[in-house]
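Numbering (the numbering used here), first residue to last: 49 to 720.
Using N, Cα and C, we set each Cβ at its ideal position, and we do this for glycine too.
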C-alpha cells in the first residue's frame, strides 16, 4: 500500500456492515475494509479504521455517512423534548394535513408526534402573514413556560410560532428566555431552521431538528474527539441529505439534515460512476444486507425533493436527494403469507443472527441463502473471512419449498424472483411515475448484494446497460468523498410572476448569497472555492404545491422553464395560466478536493477461472467459470454465464449477457 500522506478516508455505517474506503490521491490506489456494524456506531467506525490500517495522523480528509439520526427517529430513542407554540397551535404537528399513509385503512393511525402533547406548551403572541406584530409576546407567560420546562429537566426545545417565517423576533426572544432557564438545553426555532410558509411542515421540521440535535451533536463530537485522540487533525465532514457535507459546527444548528445521511452517499456514488462511463441518465441500485436504496440521475443531476419523511405524517422539508428505500437486501426474509403466497422482506435477518448460511442460529431463509443454494455465491465471503454453510441454507430454503411443493433449487429461484420483482416495482415508482422511461437509463448496481441481481433487474425493466463499479460493496462509502460542503438557503417570496421586479428578486438573492458566503467562510472555505446556484420555486396561481426551476436572472425564462418542467413532471401544463413565485432558493457550495480514480490501458485478456461450479439459471444448471475480479484487466470482454468474486461482493453475469471491463475497471454488461 502507498504512503498515507495523501490519503482521504470515507466511512459509511450500514445496518449490517460498516464500510471503509481509503483513496490515495497521489497514486489513485483504492483500499477498502469491511467490518460488522456495532451497537455503538462509533465503535464500528474505529474498528473499520483499524482494519484498514489507517494512520489518522497522516490522513488528509475524513468523511462519514451515518444512520444515527434516521435510526433515532425510527426507534424513538429520543431525548426529553418539549415544544413551545403560539396559543391555539399546539396540535398542529398532530393534526397534520389529515392524510394517511394507507388511505383506505380507517383504523391505521399515523405515527405519534415526536413530542407528547403534555410537553407542547403555549404562550400568547401573534404576528400576521406580513410580519406585523398583532399581539406582543407575553414575557410573563414565556418565563413561566421556561420555569416548567426547567423543572421537567427538558434537554431540547422546539420554538414554533405561527407566522415566524415572516418575522422571527418573538421566537428569538422566547429562545433567549429558555436559554436563561435551561442553559444546557438545545433550542431550535422554526424561523432559524426553516423560515417558510405552511406551519405544519415548518413545525414538523423544527421538532425533528430539536429531538435530534442533542443525539447527533453528541455523536459527532464524540467521534471527532476519538479521531483526534488517534492523531487526526483535520475537519470531520459529515454527509447530509442534500448530497453535501457539513462540519460538526454546522451539525449543531441543523442536526435534522443528517436524517438521510447514509443513503445519500450511494446516490452520489452512482452519479459519479455514470459520469465515468459517459452516461447522463442512470438509476442507482444500492442493495445491502438489510435494504435497497434506489436513486435517479437525469441529465447528470440527482433528483431531489424538498419534502420527505422518516415516518409518514411528520415531514422534513430540507432539500434531500430523492432515494426510495425498500426492505430488500441480502438478509431479507422469505415468508409465506396467510393466503399462501411467497413474500420477500421487508423483515431482515440483519447481522445477528443473519442468514441461515452464516451459522449463527438463523433458521429462516433469506436472499443470501437462496443465492448460495443456486451456486451464485461460493462458500466464502469477505475474502475468506466468512464461511457459508450450504447445508443450513438448503434446510432454510426447504421450509419455503415444501409448503409450495417446490424442490430446493426451484424454491431458491422463486425467492430471488420475488426479490427482483420488488426492486423492479420500486424502480418504476422513482422513474415511470416521475415521467422517466427506464429504457433510456443505465443501471448502476452496488452494495454487497446489488451486483448479484443487477442483470436480472435490468432484463425485467428493459434497461440495456448495467454498470458495476470497482468496489461495489463499499461504493457508498466512497460517495462521501465525492461531494462538497453545501448549504441550502431559502426565503419566502410570494409574488405573481407577471408583477415581480427583477431588481427586488436579485436583492433578495444577494441577501441569501451573503449568508451562504458567511457560513462557508466559517467552515474554512476560501472565497474562490464558493459556488452559488439560484433557483425559484413556482406554482400556478391557486396551487398549493410548487416546482423548483433554475434562475439565471431572467424571470420570463424561468417561467418558461417552469411550464416545461411541469409538463414533464405531471404530464400537463397551463401555458396561459398565471404563475406565482413562491420561494427563492440558494445552494451555497464550498469546493472540496476532487476525487480521481486511475485510468488503465485497455487491451488485456480474460484470465483463467479460479474454479468452475454449478450455477442455476431459470431452472437449469450451468457449469460456470468463477473469476477473481482483481485479475481481470481493463479491456477484457466475455459472455455469461460467469461469476466474478471479490472482497466486498459477487457479480453475476447470466447466460447470453455480454460484459467488458472498461478503463476505470468498471464491469459493463449489455442486457438483451
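Check: Work out the CA separation of residue 225 and residue 632 for me, nearest whole Å.; Outcome: 31 Å
Check: Taking buried to mean at least 16 other C-beta atoms within 10 Å of its own C-beta, is residue 276 buried or exposed?; Outcome: exposed
Check: Residue 621 by DSSP, collapsed to three states: which one?; Outcome: coil
Check: Among 682, 677 and 576, which one has its Cα closest to the Cα of residue 647?; Outcome: 682
Check: Just grab the DSSP bridge partners of residue 547 for me.; Outcome: Answer by DSSP bridge pairing: none, since residue 547 is not bridged.
Check: What does the alpha-carbon distance come out to for the pair residue 363 and residue 252?; Outcome: 6 Å
Check: Distance, Cα to Cα, residue 503 vs residue 562?; Outcome: 48 Å
Check: Could you give the DSSP three-state label for residue 12: helix, strand or coil?; Outcome: Residue coverage of the chain in this structure runs from 49 to 720, which leaves residue 12 outside it and unanswerable.
Check: Anyone know if the C-beta pair for residue 462 and residue 381 falls short of 8 Å?; Outcome: no
Check: Quick check on residue 528: does DSSP put it in helix, strand or coil?; Outcome: helix
Check: Assuming residue 333 and residue 542 make a contact with CB atoms under 8 Å, what is their CB distance in whole Å?; Outcome: The pair is not a contact, with the Cβ atoms about 40 Å apart (cut-off 8 Å).
Check: Applying the 10 Å Cβ sphere with the 16-neighbour rule, what's the burial state of residue 231?; Outcome: exposed
Check: Run through DSSP, which three-state label would residue 643 get?; Outcome: coil
Check: Between which two residues does the beta strand (DSSP E) holding residue 108 run?; Outcome: 107-113
Check: Would you mind sorting residue 592 into buried or exposed? The rule is 16 or more other CB atoms within 10 Å of its CB.; Outcome: exposed
Check: Give the C-beta separation of residue 629 and residue 560 to the nearest angstrom, bearing in mind that I take them to be a contact with Cβ-Cβ under 8 Å.; Outcome: Residue 629 to residue 560, Cβ: 14 Å. No contact.
Check: Hey, out of 257, 206, 222 and 651, whose CA is closest to residue 300's CA?; Outcome: 257
Check: I need the straight-line Cα distance from residue 312 to residue 306, nearest angstrom please.; Outcome: 10 Å
Check: Any chance the segment 563-581 sits against the segment 505-522, with 3 or more Cβ pairs inside 8 Å?; Outcome: no
Check: Rounded to whole angstroms, what is the Cα-Cα separation between residue 406 and residue 434?; Outcome: 8 Å
Check: Please classify residue 61 as buried or exposed, where buried requires at least 16 other C-beta atoms within 10 Å of its C-beta.; Outcome: buried
Check: Pop quiz: residue 692 and residue 655 are said to be a contact at Cβ under 8 Å. What is the actual Cβ separation, rounded to whole angstroms?; Outcome: About 11 Å separates the two Cβ atoms, so there is no contact after all.
Check: For residue 448, I'd like the list of residues in its chain whose CB is within less than 6 Å of its CB, leaving aside the five on either flank, ordered along the chain.; Outcome: 382, 413 and 459
Check: State the CB to CB distance for the pair residue 522 and residue 111, rounded to an integer number of angstroms; the pair is presumed to be in contact (CB under 8 Å).; Outcome: Incorrect: roughly 13 Å between the Cβ atoms, too far for contact.
Check: Locate the alpha helix (DSSP H) running through residue 668, then write down its first and last residues.; Outcome: Careful: residue 668 lies outside any alpha helix (DSSP H), inside the beta strand (DSSP E) at 668-676.
Check: Please list the terminal residues of the continuous alpha helix (DSSP H) segment that includes residue 85.; Outcome: Here residue 85 belongs to no alpha helix (DSSP H), and DSSP marks it neither H nor E.
Check: Hey, could you find the ends of the beta strand (DSSP E) residue 66 is sitting in?; Outcome: 65-72
Check: Kindly indicate which three-state DSSP category residue 374 falls into: helix, strand or coil?; Outcome: strand
Check: With DSSP run on the structure shown, which of helix, strand or coil describes residue 453?; Outcome: coil
Check: In whole angstroms, what is the alpha-carbon distance linking residue 700 and residue 498?; Outcome: 10 Å
Check: Excluding the five sequence neighbours on either side, which residues of its own chain have a C-beta within less than 7 Å of the C-beta of residue 653, listed in chain order?; Outcome: 684
Check: Go to residue 311, then tell me how far its alpha helix (DSSP H) extends in each direction, as first and last residue.; Outcome: 309-324
Check: In this structure, how does DSSP classify residue 334 when only helix, strand and coil are distinguished?; Outcome: strand
Check: Please state if the CB of residue 601 and the CB of residue 580 are separated by a distance shorter than 8 Å.; Outcome: no
Check: Please identify the residue among 105, 557, 638 and 578 whose C-alpha is closest to the C-alpha of residue 599.; Outcome: 557
Check: Is it buried or exposed for residue 59, if we count other Cβ within 10 angstroms and need 16 for buried?; Outcome: buried
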